Amino acid sequence: MTTVTLTEFRSHASGMLSRAERGETIVIIRHGRPIAEVSPISSAVGGNPSWKRSALRLVAKGASLASAILAERNDESVS
21 MTTVTLTEFR SHASGMLSRA ERGETIVIIR HGRPIAEVSP ISSAVGGNPS
71 WKRSALRLVA KGASLASAIL AERNDESVS
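Numbered according to this note's numbering, the sequence shown spans residues 21 to 99.
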């Protein structure tokens, strides 16, 4: 694990990311305190960001929303 200042990270971001690709973890500090960690993506995650993974589909039981709205409109027009 390597620790670098924010200024150093900004100056050498490409090289730091290359080091992370090779498996190294880099901690970025600002004013002497750690603020971020750049690390390689674990193989357990699969390398895909969460927004690219397929999501579960939810299926609602009963009448559709459109059917419920039309039924309510019909009830209102009768009264």
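By construction, the Cβ of each residue, glycine as well, lies at the ideal position given by its N, Cα and C atoms.
This one's a predicted model, so the numbers in the text were calculated from it and none came from an experiment.
Straight-line Cα distance separating residue j from residue i
i: Ser38; j: Arg77; result: 37 Å
i: Gly43; j: Asn68; result: 17 Å
i: Ser97; j: Ala91; result: 10 Å
i: Gly52; j: Thr22; result: 14 Å
i: Val79; j: Asp95; result: 27 Å
i: Lys72; j: Ile55; result: 27 Å
i: Arg93; j: Ser87; result: 10 Å
Beta-ladder partner(s) of residue i, from DSSP
i: Thr25; result: Ile49
i: Val58; result: Ile46
Contact check, residue i vs residue j, beta carbons under 8 Å
i: Ala40; j: Pro60; result: yes
Touch check for the region 45-62 and the region 26-34: three-plus C-beta pairs under 8 Å? yes
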